[in-house]
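For reference, the structure is listed below as structure tokens.
Numbering (our numbering), first residue to last: 57 to 230.
Structural data, given as structure tokens:
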């Protein structure tokens, strides 16, 4: 479990309720959140990973549910979450799908909800296909989200960062 997730959960800053785990894979983070008072909807496209996640959550009797779907279009979800987590999914999306991801995420988060995003940072010298996010990608989150904090680091010899966002008030349109 990433220590950034553990620290945020331990901080008392989050309101228990529904949590979204975007790009949940085998559900490690989903199960962690469920053990800490959240009902979790994990979303991924990998059916095999989702089956493993569901089996492990069921074995622990955790309120974690796993759905195969597109993280850039969460219209299949019928929940409004108080927290969302993305550990490396957004930065893997093609640039043209990122605005849809942000808009869909905003529609499924309550006003004041938190969103923790981990992503590689795009190298200005990288080829066009290199994954990672740029400052232009961060602008996509405004005005729906306010940036609370950024923790820069390095992962696998690449610049990376943890971004903590908070969902802006309901007066925001879009």
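Even glycine gets a Cβ: it sits at the ideal position worked out from N, Cα and C.
Asked, Found
"For residue 77 and residue 199, what's the separation of their Cα atoms in angstroms?", "22 Å"
"Would you call the stretch 102–109 in contact with the stretch 120–134, where contact means no fewer than 3 C-beta pairs closer than 8 Å?", "yes"
"Identify the continuous alpha helix (DSSP H) that holds residue 100 and give its terminal residues.", "First-last for residue 100: 95–100, but that is the beta strand (DSSP E), not the alpha helix (DSSP H)."
"DSSP state of residue 179, grouped into three classes?", "coil"
"For residue 130, name the three-state secondary structure that DSSP assigns.", "coil"
"What separation, rounded to the nearest whole angstrom, lies between the Cα atoms of residue 156 and residue 128?", "5 Å"
"Please report the Cβ distance between residue 143 and residue 58, rounded to the nearest whole angstrom; I am assuming they are in contact, meaning their Cβ atoms lie under 8 Å.", "6 Å"
"Excluding five sequence neighbours on each side, which residues of the same chain lie with their C-beta closer than 7 Å to the C-beta of residue 87?", "112, 113, 116, 118 and 120"
"Looking only at its own chain, which residues have a Cβ that is under 7 Å from the Cβ of residue 214, when we skip the five neighbours before and after it?", "176"
"Kindly indicate which residue of 194, 63 and 141 has the alpha-carbon position closest to the one of residue 99.", "141"
"Of the residues 154, 145, 70 and 74, which one's Cα is nearest the Cα of residue 192?", "154"
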